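Q: For the working numbering, count along the sequence shown from 1 and bump the result up by 3.
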Amino acid sequence: MISMKNIRKVYNTGKVSFEALRDINLEVEDNEYIAIVGPSGSGKSTLMNLIGCLDTPSDGEYYLSGRKVDSLTANELAGVRNREVGFVFQAFNLLPYASAYENVELPLLFSGMRSKKRKKRVVDLLNRVGLGEKLQNKPTEMSGGEMQRVAIARALGNDPKLILADEPTGNLDTKSGAEIIKIFDELWETGHTVIVITHDMNIANHCQRTIKLKDGMIYNGNGFPVKKQTASAAGLN
Ligand SMILES: Nc1ncnc2c1ncn2[C@@H]1O[C@H](COP(=O)(O)OP(=O)(O)OP(=O)(O)O)[C@@H](O)[C@H]1O
Ligand SMILES: [Mg+2]
């Protein structure tokens, strides 16, 4: 599903440039369940933004579902993103004045789904995350865990194969966090590829494989940088 070769990402801020990722070689199969861990500033969100086609690498090759996506235009990237990727963020990123229903409906409106199909899809998605009774609640009228469940329902709108979550439980108590992870488990069990950035080692250990980042590079368990990370190298096959 994901193949990255010698990926490098440099951010240019004024006259200063900063190499946030280097020597990233990453292979992810369909339907893997992966945790990305590492200290603050190690490049986790940068890597996720590249994986999810929110940004392009400075160097290297990236294939997503067999398509070369490392040098697409902003419009082309948006198209790939809408079809292939569902994002979940730590801060939920919901529209504050819109109901759960409206938040989930918005991307489906943008993608041009017809009204009747859309209504059914929104209700199905919110039922799937256990919020069938809270369709009309606004974010201010929901708990953090409920808001994150709305965000997951929204991410699933266009039925993406790849689910990317950046610290999805970072703002939640343990119990609500566990409920969110349970939803990711179900998505994985139904064939999605799930990649979660987390500081919580319980969550990381719960995933099939962990990718450790430090100073913009992937490290193995012994503290050595690895130039190649595959499912078989991680002992999965
Ligand atoms: N848009 C940007 N412009 C310039 N530098 C950036 C930009 N985004 C990130 N960086 C820098 O790149 C490095 C990696 O940032 P990134 O957000 O990927 O870290 P992270 O591992 O997600 O950290 P955290 O756990 O705190 O979220 C940091 O040093 C950061 O300052
Ligand atoms: Mg981050």
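The C-beta atom is built at its ideal place from N, Cα and C for all residues, glycine as well. Small disclaimer: the values here were computed from a predicted structure and weren't measured.
1. Per DSSP, Thr196 is paired with what?
2. I'd like to confirm something about Pro42: is its beta-carbon nearer than 8 Å to some heavy atom of ligand 1, or not?
3. If I follow the unbroken beta strand (DSSP E) through Tyr66, where does it start and stop?
4. Examine ligand 2 and report whether any of its heavy atoms sits within less than 8 Å of the Cβ of Ile200.
5. Given a cut-off of 9 Å on the beta-carbon distance, is the pair Ala168 and Phe95 in contact?
6. Got a sec? Which residues, its chain only, sit under 7 Å from Leu249 by beta carbon, not counting five neighbours each side?
7. For Ile58, which residues of its own chain have a beta-carbon under 7 Å away from its beta-carbon, when the five flanking residues on both sides are left out?
8. Looking at the unbroken alpha helix (DSSP H) that takes in Ser48, where does it start and where does it end?
9. Do the CB positions of Thr196 and Tyr36 come within less than 9 Å of each other?
10. Short check: CB of Asn174 to CB of Gln151, under 9 Å?
11. For Ser43 and Thr201, what's the separation of their Cα atoms in angstroms?
12. Count the other CB atoms within 10 Å of the CB of Gly63; is the residue buried (16 or more) or exposed (fewer)?
13. Thinking Gly55 and Val88 are a contact (beta carbons under 8 Å), I'd like their distance in whole angstroms, please.
14. Near Phe187, what residues of its chain come up, given a Cβ to Cβ distance below 6 Å and the 5 sequence neighbours on each side ignored?
15. Residues in its own chain within less than 6 Å of Gly194 by CB, not counting five upstream and five downstream?
16. Measuring CA to CA, which of Asp203, Ala158 and Leu190 is closest to Gly180?
17. Is Asp218 a contact residue of ligand 2, with contact defined as CB to any heavy atom under 8 Å?
18. Any heavy atom of ligand 1 closer than 8 Å to the CB of Ser48?
19. Taking all protein chains shown into account, do 16 or more other C-beta atoms lie within 10 angstroms of the C-beta of Thr143, making it buried, or fewer, making it exposed?
20. So, Val199 versus Ala81, is the Cβ gap smaller than 9 Å?
21. Using CA coordinates, which residue listed in Gly17, Lys8, Ser102 and Thr16 is at the minimum distance from Asp26?
22. What residues in its chain sit with their C-beta under 8 Å from that of Ser114, if we drop five residues either side in the sequence?
A: Answer, in terms of the structure:
1. Answer by DSSP bridge pairing, in chain order: Leu165.
2. yes
3. From DSSP, the beta strand (DSSP E) with Tyr66 extends over Asp62 to Leu67.
4. yes
5. Not in contact: Ala168 and Phe95 (Cβ atoms no closer than 9 Å).
6. For residue 249 there is no data in the structure shown, the boundaries of the chain being 4 and 240.
7. Correcting the residue identity first, residue 58 is Asp in this sequence and not Ile. Cβ within range, chain order: Asn52.
8. Lys47 to Ile54
9. yes
10. Gln151 is positioned such that its CB atom lies closer than 9 Å to that of Asn174.
11. As the crow flies, the alpha-carbon of Ser43 is around 11 Å from that of Thr201.
12. buried
13. 5 Å
14. Val197
15. Asn34
16. When the alpha-carbon of Gly180 is set against those of Asp203, Ala158 and Leu190, the nearest one is in Asp203.
17. Flag unset: Cβ of Asp218 not near ligand 2.
18. yes
19. exposed
20. Not a contact, by the Cβ cut-off of 9 Å.
21. Comparing Cα positions, the closest option is Lys8.
22. Excluding residues within five positions, the ones whose Cβ falls inside 8 Å are Asn85, Gly160 and Asn161.
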